[in-house]
Amino acid sequence: MLSRVALTCARRLTQSTAASIQQQHQQPRALLSMGASAARAAAGAGSSKQQAYVSPFDERPQLTDEHRIFRDAARRFFETEVAPHHAKWEQDGMVSREVWEKAGAAGLLGTTIPVEYGGGGGDAFHAAIAVEEQLRLQLSGPGFSLHSDIIIPYILHYGSEEQKQKWIPLMCQGKAISAIGMSEPSAGSDLQGIKTTAVRDGDDYVINGSKIFISNGQMADIIVLVAKTDPSKGAHGTSLILVETDRPGFQRGRNLKKLGLKAQDTSELFFDNVRVPASNLLGKENHGFKYLMQELGTERLVIGVLSQASAEGVFADTVKYVNERQAFGKSIASFQNTKFKLAEMKTQLSVGRVFIDRCLELQNQGKLDPVAAAIAKLHAGDMLAKITDECLQLHGGYGFMWEYTAARAYADARVQRIYGGTSEIMKDIISRTL
Amino acid sequence: MRVIVGVKRVVDFAIKARVKADKTGVVTEGVKHSMNPFDEIALEQGIRLKESGAVKEVIAVSCGPTACQETLRTALAMGADRAIHVPVEGAAYETLQPLAVAKIFKKLAEDNQANLVLFGKQAIDDDANQTAQLTSALLNWPQGAFAAKLSVEGGSKVKVVREIDGGLETIELNLPAVVSADLRLAEPRYASLANIMKAKKKPLDKKTPEELGVDIKPRIKTLSVEEPPVRKAGIKVENVDGLLQKLRTEAGVTF
Ligand SMILES: Cc1cc2nc3c(=O)[nH]c(=O)nc-3n(C[C@H](O)[C@H](O)[C@H](O)COP(=O)(O)OP(=O)(O)OC[C@H]3O[C@@H](n4cnc5c(N)ncnc54)[C@H](O)[C@@H]3O)c2cc1C
């Protein structure tokens, strides 16, 4: 097995792989008080214990060979192309354009988009796998899933053939980065209350207003903008319009400082008499709200999927950690409290996983309804909050330190109950059917 | 020109191998497997030769249980044109040795009129580093082991740059030939989803060792597989004399 070690070392030099991530990322970048060699020895001793039990529930019966091959490729991509740069991107407040193009070249963007538009031609599980492999490692920087699974479908489902041909291939290559502008300073949960207007003037729309908290806002080349085309009609006067970010009158605000998602850019956007041709309208005028309602279920499921994956990732790291760490002369994994906490978390995760996968199945059949999507988001978001909190606690002081995944997962978890519709809005949607 | 590439399914390199309780081997059940990384490099090189126009067809071959078909599907998704699975199951697979594999590749190289057979320099499970060399000897074809660079020269020769102690050695081989890949030969690509889907339609044939007329009985018996000894903590010596003393008395070094 010597070559296994040699290979790991060599790969670490050339491309940095799983093993190096464990050092750079998953586990401490600079081990605080534990000696590095002691930690490594402990890691070796602890890891052999884990493979023992394989539950029939660990197998996801929906996954085919094609999914598994894709998972391996996705995992390798995030380990080699994203993990080593993530700390720098956290400093920068955004990822590089290069990683978008690399993801495009590796076929990780637009996994569910038909091949004729440059997508992967896959199903909801392929899309889930791409985001799971990213979030399991708590690599929240790249806004790939928003772009691939939420924004491209708007263009695919409602765009003209010309709009599709123009934008989707570029987006799948990672050469055009997208954002969606719904929320405004005075309207978040209450989307009907947005104030941005797009007024028809000859062959153009003239756009005025502002958006807030827009993911990919600093990097975006193209924005799917929600605007009022007929303010007198409330929700029925709302339209979706494509706005290229090089149009005069468009301006990005600063990159907002956040509690988590440190490597993801989130911005205010300003529109001051921005003119776009009427052909930039997505679908029919004044049908925007209907389109939003049709697509928001997918967005909520995506957030459910990534919350589940992030929780599974931090849980796995924590199981490893408690087996390595000693207190009072024994491993902290041996305390009954630790065991019970882990058992509770494992239970939550197992039950959550089955629900998420069932939703993905329904999504494949075109049968996912808004209530199921709301349940997926509400449950996964709450579970993630609880699990990141417990996992951090089991890490003690180390869990509060940024170099541990427990700290990053904890910080990133908070927003999952807010964006894409708050937990309260999810409860509202669910309760309306009762 | 046609290239055959050997792709072995091995325990994933990120997994820490564990010895089975009966010491006959390592635990493979429920453990993540993937394509041997050096084979992945060899395959990447084969695909690049095809993309450069020097090669017409790349055939990926894997010997082992049904699960090897996933490895072959990965090879097809990366860009191999077709795949051959040589099924070897259970106990026969546990004792499948490089000589038998080399015989299988000899037969497949002949039957498929291959001009080049590519392997990883070794598999990260048994580290045997024999299959390429044995195949070359059985076929009586020239060999270029540990290739760090490979180029086809005019259709009848390949140039291989090998990393050896103290520098690089460049050799030219007449085709047909056998080459094994070292770490720096080529960085493997990611299998994109579109290509994974396309690979579903590529042919994956089965050829049993019996059909190939190859006897795969083992020639070597494994007596026992053991964990490497745990490294003990070092000691500090006071001075050079102390060091010499330890070397003489404990390490058994004579000066
Ligand atoms: C990091 C981040 C990224 C984001 N990315 C995007 C993006 O890319 N595009 C985009 O358009 N938006 C984005 N958002 C905005 C996000 O969708 C909104 O913040 C969210 O919908 C909540 O809206 P709000 O902030 O205006 O809160 P408010 O609507 O003001 O809500 C405040 C509180 O009131 C509660 N509340 C509101 N209405 C009700 C009700 N009917 N019943 C009970 N309680 C209620 C809410 O649940 C919440 O607790 C992002 C937000 C964040 C933080």
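Chains as they are written, first to last, in the working numbering: chain A, 204 to 637; chain B, 37 to 291.
Cβ atoms here follow ideal geometry from the backbone N, Cα and C, with glycine treated the same way.
Min CB distance residue i to chain B below 8 Å
| i | result |
| --- | --- |
| A:Leu271 | A quick correction: the sequence has Arg, not Leu, at residue 271 of chain A. So, interface residue. |
| A:Gly323 | yes |
| A:Phe280 | yes |
| A:Gln218 | Its pLDDT being 38, under 50, A:Gln218 is placed unreliably in this model, and the value from its coordinates should be taken loosely. Yes, its Cβ sits closer than 8 Å to a Cβ of chain B. |
| A:Asp352 | no |
| A:Ala290 | no |
| A:Asp520 | no |
| A:Leu235 | Residue placement at A:Leu235 cannot be trusted, given a pLDDT of 33 that sits under 50; the coordinates are not used to answer. |
| A:Gly310 | yes |
| A:His228 | Residue placement at A:His228 is poorly supported in this model, since its pLDDT is 38, which falls under 50; the coordinates are not used for a value here. |
| A:Ala512 | no |
| A:His390 | Here the sequence assigns Ala to residue 390 of chain A, which means His is not the residue at that position. Not an interface residue. |
| A:Thr314 | yes |
| A:Ala276 | yes |
| A:Asp639 | Residue 639 of chain A is absent from the model: chain A starts at 204 and stops at 637. |
Heavy atom of ligand 1 within 7 Å of residue i beta-carbon
| i | result |
| --- | --- |
| A:Leu464 | yes |
| A:Ile188 | Summary: the structure shown does not reach residue 188 of chain A, with chain A confined to residues 204 through 637, and so no result is reported for it. |
| A:Glu627 | yes |
| A:Met385 | yes |
| A:Gly391 | yes |
| A:Thr399 | no |
| A:Gly623 | yes |
| A:Lys431 | no |
| A:Asp585 | no |
| A:Thr469 | yes |
| A:Val427 | no |
| A:Val618 | yes |
| A:Asp631 | yes |
| B:Lys243 | no |
Enclosing beta strand (DSSP E) for residue i [first to last residue]
| i | result |
| --- | --- |
| A:Ser634 | Looking at the DSSP string, A:Ser634 is not in any beta strand (DSSP E); the run it does join, the alpha helix (DSSP H), is 626-634. |
| B:Met71 | 69-71 |
| B:Val292 | Because chain B in this structure spans residues 37 to 291, residue 292 of chain B falls outside the shown range and cannot be described. |
| A:Phe538 | Note, A:Phe538: premise wrong, no beta strand (DSSP E); not H, not E. |
| B:Lys236 | Note, B:Lys236: premise wrong, no beta strand (DSSP E); not H, not E. |
| A:Gln454 | 453-458 |
| B:Gln179 | 179-189 |
| A:Thr400 | 400-404 |
| B:Ala217 | 213-217 |
In DSSP terms, what residue i is bridged to
| i | result |
| --- | --- |
| A:Phe416 | Looking at the DSSP assignment, A:Phe416 forms no beta bridge with any residue, so it has no partner. |
| A:Thr469 | A:Ser418 |
| A:Ala390 | A:Glu387 |
| A:Val522 | BP columns for A:Val522 are empty, so no partner. |
| B:Arg118 | B:Ile95 |
| B:Lys142 | Note: B:Lys142 sits in no beta bridge, so no partner. |
| B:Arg45 | B:Met71 |
| A:Val446 | A:Ile426 |
| B:Pro134 | Note: B:Pro134 sits in no beta bridge, so no partner. |
| B:Pro123 | B:Gly100 |
| B:Thr206 | B:Val197 |
| A:Val409 | A:Val402, A:Arg478 |
| A:Ala530 | A:Lys533 |
is_contact[residue i, chain A] using C-beta, thresh 8 Å
| i | result |
| --- | --- |
| B:Thr110 | yes |
| B:Lys236 | yes |
| B:Ser192 | no |
| B:Tyr129 | no |
| B:Ala96 | no |
| B:Leu229 | yes |
| B:Ile232 | yes |
| B:Glu262 | no |
| B:Glu106 | yes |
Limits of the alpha helix (DSSP H) - the one that residue i falls within
| i | result |
| --- | --- |
| A:Ser329 | For the sequence presented, residue 329 of chain A should be read as His rather than Ser. Here the alpha helix (DSSP H) through A:His329 covers 327-339. |
| A:His360 | 355-361 |
| B:Ala57 | Neither: B:Ala57 is in no alpha helix (DSSP H) and is coded neither H nor E. |
| A:Ile578 | 573-597 |
| A:Ile371 | 364-375 |
| B:Val276 | 276-285 |
beta-carbon residue i near ligand 3 non-hydrogen atom, thresh 7 Å
| i | result |
| --- | --- |
| A:Asp352 | The ligand content of the structure shown is limited to ligand 1, which means ligand 3 is not among them. |
Chain E within 8 Å of residue i, Cβ atoms only
| i | result |
| --- | --- |
| A:Val318 | This model lacks chain E altogether; the protein chains it does include are A and B. |
*According to a CB-to-CB cut-off of less than 7 Å, which residues of the stretch 112-126 of chain B neighbour chain A?*
Ala113
*Relative to chain B, which residues along the stretch 599-631 of chain A have a C-beta separation below 8 Å, given in chain order?*
Hits within the stretch: zero.
*the stretch 49-70 of chain B: positions lying closer than 7 Å to chain A by Cβ*: Phe49, Ala50, Lys52, Ala53, Arg54, Gly66, Val67, Ser70
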